[in-house]
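S.K.: Just so you know, we're using our numbering here: the sequence shown kicks off at 9 and counts up by one.
A virtual CB, placed ideally from N, CA and C, is assigned to each residue, including glycine.
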Amino acid sequence: MEIWRFFKRKRARTWAMLAVFVCFSVFIAHLFLILPDVSGLKTNNPKSTALMKTRIKQAKREGTEYGVRQNWVPFSQVPQLLKDTVRIAEDAGFYWHKGIDFEELKEAIKKNIQEKKFARGGSTITQQLAKNLYLSPKKNLLRKFKEYLIARKLEKVLSKDRIFELYLNVIELGPGVFGVDAASKYYFGYSVSYLDLDEVVRLVAVLPRPLSIDPKGDSPWLKWRCRWLLHKLQLYEYISQESYQEIAKKFMDAPD
């Protein structure tokens, strides 16, 4: 009798595990079926993004006007210094990983567990592009999983430079401001091609807080972030020690 009960419980657990596995497999298959087709991005520049549409809907609900500023700029016309600064700020290993930086992801998960909230994203440039193009900005595990799948798909279909070009042209850099060229014209009055070192670090500094920080402002947080970027640029020899010292003076009253 006891042996029969043992096998009965074991069989029940086996069926339960099988049911969970089948459900999970169906769920994964469904996600793959509804993933966006990214092949068109090889040659076509997206006219709008999921994030733009979200901001427009938010403005309508609040009864406010919302205009989108965006000027597409070819990758070759973006200053190399700005590209280097963006990678330092957002994804230093961009040209080496395959869409996911697992070391950074591990650190992000550790921090989120410690603080019991989504305190750190750990997203690569490719993941950020996937989110901006196709997903909601809300933070939850399902969205992060979709982001992961789309990022891997982008990496398989597009070159690294094309992914970077798309990112630089759709990233949010202010209220209604998308892309580095539109941001440069909006904040500084001219194309991104003419930005100097001071303006580059100011613009890149606001990437984590595009709706609350003005790159032309003088908030302590902005100055700290600019100093951090300048230090990294000098450390990796993208700028000279002299350039670092000259521009860092403008941000010296920021706390460490």
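Does the structure place the stretch 171 to 187 close enough to the stretch 209 to 219 that three or more beta carbon pairs sit under 8 angstroms?
M.R.: A contact exists between the stretch 209 to 219 and the stretch 171 to 187.
S.K.: In angstroms, rounded to a whole number, what distance separates the CA positions of D189 and N79?
M.R.: Distance between the alpha carbons of D189 and N79 is about 6 angstroms.
S.K.: Measuring CA to CA, which of H239, R77 and L157 is closest to M60?
M.R.: Checked all of H239, R77 and L157; the closest Cα to M60 is R77.
S.K.: Measure the C-alpha to C-alpha separation of L211 and S201 and round it to an integer number of angstroms.
M.R.: Going from the Cα of L211 to the Cα of S201 covers about 13 angstroms.
S.K.: Going by C-alpha to C-alpha distance, which of D206, A100, K146 and S199 sits closest to Y244?
M.R.: Among D206, A100, K146 and S199, the Cα nearest to that of Y244 is on A100.
S.K.: Leaving out five residues on either side along the sequence, give the residues of the same chain with a beta carbon under 6 angstroms from the beta carbon of G107.
M.R.: Once the five neighbours on either side are set aside, the close Cβ partners of G107 are T134, A159, R160 and E163.
S.K.: Need the endpoints of the alpha helix (DSSP H) that E163 sits in, please.
M.R.: Unbroken alpha helix (DSSP H) run through E163: L149 to V165.
S.K.: Please return the same chain residues whose Cβ sits closer than 7 angstroms to the Cβ of Y175, not counting the five positions on each side in sequence.
M.R.: Cβ neighbours of Y175 beyond the five flanking positions: I133, Q136 and L137.
S.K.: For the alpha helix (DSSP H) containing E73, list its first residue and its last residue.
M.R.: Here E73 belongs to no alpha helix (DSSP H), and DSSP marks it neither H nor E.
S.K.: Do L203 and T93 count as a contact pair if the criterion is CB distance below 8 angstroms?
M.R.: No, they are not a contact pair.
S.K.: For T274, does the count of other Cβ atoms within 10 angstroms reach 16, so buried, or fall short, so exposed?
M.R.: Missing from the structure shown is residue 274; the chain here goes from 9 to 264 and no further.
S.K.: K224 and Y194: beta carbons closer than 8 angstroms?
M.R.: In this structure, Y194 does not lie closer than 8 angstroms to K224 by Cβ.
S.K.: May I ask you to report which of helix, strand or coil DSSP gives G48?
M.R.: Helix at G48.
S.K.: Only counting the same chain, and skipping five residues up and downstream in sequence, which positions put a Cβ closer than 8 angstroms to that of P145?
M.R.: Once the five neighbours on either side are set aside, the close Cβ partners of P145 are L59, T62 and K139.
S.K.: Taking the alpha carbon of I171 as the reference point, which residue from K91, P228, A67 and K68 has its own alpha carbon closest?
M.R.: Looking at the Cα atoms, K91 is the closest of the given residues.
S.K.: Does the Cβ of D109 have 16 or more other Cβ atoms within 10 Å, making it buried, or fewer, making it exposed?
M.R.: With 16 or more other Cβ atoms within 10 Å, it is buried.
S.K.: Are there 16 or more other CB atoms within 10 angstroms of the CB of R69, so buried, or fewer, so exposed?
M.R.: Under this definition R69 is an exposed residue.
S.K.: Quick one: give me the first and last residue of the alpha helix (DSSP H) that L43 is part of.
M.R.: Looking at the DSSP string, L43 is not in any alpha helix (DSSP H), and its letter there is neither H nor E.
S.K.: Could you tell me which residues DSSP pairs with E180 in its beta bridges?
M.R.: E180 is bridged to F186.
S.K.: Determine the DSSP secondary structure at D206, reduced to helix, strand or coil.
M.R.: If DSSP states are grouped into helix, strand and coil, D206 belongs with the helices.
S.K.: Span of the alpha helix (DSSP H) holding V94?
M.R.: Looking at the DSSP string, the run of the alpha helix (DSSP H) that includes V94 is Q88 to E98.
S.K.: For S248, collect the residues of the same chain with a Cβ closer than 8 angstroms to its Cβ; drop the 5 residues on either side in sequence, then sort them by chain order.
M.R.: Once the five neighbours on either side are set aside, the close Cβ partners of S248 are Q242.
S.K.: Is P228 helix, strand or coil by DSSP?
M.R.: Note: P228 maps to helix in three-state DSSP.
S.K.: Are L89 and L205 closer than 8 angstroms when you measure CB to CB?
M.R.: Yes. Within cutoff.
S.K.: Is the CB-CB distance between L141 and P228 below 8 angstroms?
M.R.: It is not a contact, given that the beta carbons lie outside the stated cut-off.
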